[in-house]
Every structure is written in C-alpha cells, then in structure tokens.
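**Q** Going by full-length UniProt numbering, the sequence shown opens with residue 1, and the numbers climb by one from there. Virtual Cβ for every residue (Gly too), placed ideally from N, Cα, C. Everything numeric in this text was worked out from a predicted model, so none of it was measured. Below: one structure in structure tokens.
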Amino acid sequence: MTSFADLLVPIAVVAVAFVLLLGLINMLRGGSPNRSQHLMRLRVLLQFLAIVVIMGIIWWRAA
C-alpha cells in the first residue's frame, strides 16, 4: 500500500523538473528574459518545498 508521503516526493521532484524544462525551453528559443527570471524563481521555490517535504518525511519516518 502506498502512503501519501510516498507520493509527495515524486510529485515534488516532477514539479521541479517540469519548471526547469520550461526554463530551458524558454532560454533555447530566445524567449523573454522576464519569463526566464520568473521560472528561475519558481524553480528555486519548488526546490525549497521539495527539500522541506523530503526532510519532513525522513523526520516523520525516523520518529
């Protein structure tokens, strides 16, 4: 049986990868620098949330 915690980590990682790919596509197509900056900030935020989720799950399982 898969728990909710087991689903959170892949969702967080896929969200970060998706935004990273959007940023790379925008950069390779010569898109708007403002959009690139927005995507970079969103990626950093999602990476922070992914780390918080992963650390929270590790802490929860160790308890």
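#1: In the structure shown, what three-state DSSP assignment does residue 36 receive?
#2: Go ahead and pull the three-state DSSP assignment for residue 31.
#3: Are the beta-carbon atoms belonging to residue 57 and residue 5 less than 7 Å from one another?
#4: Go through its chain and collect everything with a Cβ distance to residue 65's Cβ below 8 Å, but skip five positions before and after it.
#5: Looking at residue 53: is its Cβ nearer than 7 Å to the Cβ of residue 15?
**A** By the coordinates alone:
#1: helix
#2: coil
#3: yes
#4: This structure gives no information on residue 65, because the portion of the chain shown stretches from 1 to 63.
#5: no
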